[in-house]
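Trainee: One structure, as structure tokens, below. Some questions next.
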Amino acid sequence: MTAVLRTPDHHFANLPDFPWTPNYQMVADKTHGQLRMHYLDVGPRDGRIVLMLHGEPSWCFLYRHMIHALSARGMRCIAPDLIGFGRSDKPTARSDYSYAGHVAQVGELLRALDINRAVLVCQDWGGPIGLSLL
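As structure tokens, this is what we get:
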């Protein structure tokens with residue numbers, strides 16, 4: 001089994017325009033059993049849901065300005081870090097990553113949050129991942 005890396009939270013301290021508390025959801029992984037996926041959940045719980053999916057090489061920090069603007073207008077912004085990026089766990093073997101794996105992991109997060117409908121905002125890999133799910 002390959003190793004899984006986790007970037008310490010202090011590496012994310014004091015980022016400009018990124019004041020949010022991290023949230024984590026454990027998601028299934030065929031090799032490692034469970035991996036920790038980070039996500040932001042910003043805005044009113046009853047607001048229209050905007051799912052923001054980043055691509056490679058990025059993480060939810062990409063959407064920080066949009067999160068400020070949309071949540072200020074009453075929208076609920078959900079912005080996960082795909083496994084391998086940002087605050088999410090990072091398996092070390094390239095073989096640990098696949099399109100199907102990302103789809104399954106984001107799908108598990110959406111089920112845990114009881115989200116089955118959202119406006120998609122996507123970049124790069126986030127586009128096909130999001131379109132596969134909603």
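When the letters of the sequence shown are read in order and numbered with full-length UniProt numbering, they come out as residues 1 to 134. Note that beta-carbon positions come from the ideal geometry of N, C-alpha and C, so glycine has one too.
By the three-class DSSP mapping on this structure, what secondary structure does Gly101 have?
Mentor: Note: Gly101 maps to helix in three-state DSSP.
Trainee: Is residue 135 helix, strand or coil when you go by DSSP?
Mentor: The first residue shown for the chain is 1 and the last is 134, placing residue 135 beyond what the model contains.
Trainee: Drop a sphere of 10 angstroms on the beta-carbon of Gln105, count the other beta-carbons inside from all chains shown, and report buried for 16 or more, exposed for fewer.
Mentor: By the neighbour-count rule (16 or more Cβ atoms within 10 Å), Gln105 is buried.
Trainee: Quick check on the DSSP output: the beta strand (DSSP E) that includes Pro19 runs from which residue to which?
Mentor: Looking at the DSSP string, Pro19 is not in any beta strand (DSSP E), and its letter there is neither H nor E.
Trainee: Does the Cβ of His11 have 16 or more other Cβ atoms within 10 Å, making it buried, or fewer, making it exposed?
Mentor: Classification of His11: exposed, given that the 10 Å Cβ count is below 16.
Trainee: My parser needs the alpha helix (DSSP H) runs of 4 or more residues fully inside the UniProt domain "AB hydrolase-1" (49-133); what are they?
Mentor: Complete alpha helix (DSSP H) runs here, min 4: 64-72, 99-112, 126-133.
Trainee: Which whole-angstrom value is the C-beta distance of Pro80 and Leu35, which I expect to be below 8 Å?
Mentor: With a Cβ gap of about 12 Å, Pro80 and Leu35 do not count as contacting.
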